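Colleague: Going letter by letter, the sequence shown gives residues 149 to 330 in the numbering used here.
Below is the structure I would like to discuss, written out as structure tokens.
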Amino acid sequence: ASRQRRVLATEVTPEMLEQAKKECGESRCEFVLTDGISLPSLSASVDGIWCCSVLRYSLFVPNPAYDRIAKEMYRVLRPGAYVVNCEMYVDVPPSVFSRGFEDAGFETHNTFVLHRYGGRLERVLSHRLIPDRWITRSASLSALVRYSLDNPGRQVGGLRDYLFVWQKPVHAHVDRMKQPGV
């Protein structure tokens with residue numbers, strides 16, 4: 149028996165939602181205005197969540213909503229499903245992001261450093277005597293090495309881009325009586 153798939157695209161302001169609709173064109177997405185604290189889905193009904201550079205705006209603000217958003221994502225995800233989050237241009241260790249998700253019940257499946265800004269390699273590669281074709285190849289190789297080998301917990305200064313993968317445990321309790329946003 150095949151299940152019907154639903155793609156839910158959410159934004160926090162009407163202007164951002166309209167822009168998302170324009171950029172997606174005639175897609176099969178359902179667009180919803182939400183604060184992330186109350187998602188329009190039943191408990192344990194979502195197969196996966198992808199977010200990119202948005203959760204930081206619920207964490208580094210005067211009245212953080214990060215923990216409530218993590219709990220709401222936990223509520224709507226089915227057991228075993230994942231949240232994949234890309235956060236860019238941050239200057240904090242990855243544990244700052246993982247803490248709220250782990251407190252909500254998620255397991256941190258993996259954390260990758262996608263990019264560290266301002267490193268020695270970038271300064272060397274930007275030298276005017278190095279041919280452009282070498283820069284492109286070296287940058288690609290550097291990105292692959294960082295992605296594969298870099299330790300996200302390494303204490304260094306500067307901005308970083310992270311990719312987080314959190315999983316709702318396979319054997320997580322599901323309260324089928326809960327309604328959206330509760």
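From the three backbone atoms N, C-alpha and C, an ideal C-beta is built for every residue, glycine too.
Computed from a predicted model, the values in this text were never measured in an experiment.
#1: Taking C-beta to C-beta, are Leu127 and Cys234 nearer than 8 Å?
#2: For Gln315, which residues of its own chain have a beta-carbon under 6 Å away from its beta-carbon, when the five flanking residues on both sides are left out?
#3: Starting from Phe245, follow the alpha helix (DSSP H) in both directions and report where the run begins and ends.
#4: Return the chain-ordered ranges of every beta strand (DSSP E) run that is complete within the segment 183-237 and spans a minimum of 3 residues.
#5: Using 8 Å as the threshold, is the segment 161-169 in touch with the segment 203-213, meaning 3 or more CB pairs across them?
#6: Can you tell me whether DSSP reads Gln152 as helix, strand or coil?
#7: Mark Ser175 as exposed unless 16 or more other C-beta atoms lie within 10 angstroms of its C-beta, in which case mark it buried.
#8: Quick check on the burial criterion: 16 or more other C-beta atoms within 10 angstroms. Buried or exposed for Met325?
#9: Can you name the start and end residues of the beta strand (DSSP E) that Glu255 belongs to?
Modeller: Quick answer:
#1: Lying outside 149 to 330, the shown extent of the chain, residue 127 is not represented and no answer is given.
#2: Tyr230, Glu255 and His257.
#3: Under the DSSP assignment, Phe245 falls in the alpha helix (DSSP H) whose first and last residues are Ser243 to Ala252.
#4: Taking 3 residues as the minimum length, the beta strand (DSSP E) runs contained wholly in the segment 183-237 are 194-200, in order along the chain.
#5: No, they do not touch.
#6: The answer is coil: DSSP assigns Gln152 none of H, G, I, E or B.
#7: By the 10 Å Cβ count, Ser175 comes out exposed.
#8: Residue placement at Met325 cannot be trusted, given a pLDDT of 48 that sits under 50; what the coordinates show is reported in the next sentence. Flag for Met325 reads exposed.
#9: Run containing Glu255: Glu255 to Arg264, per the beta strand (DSSP E) assignment.
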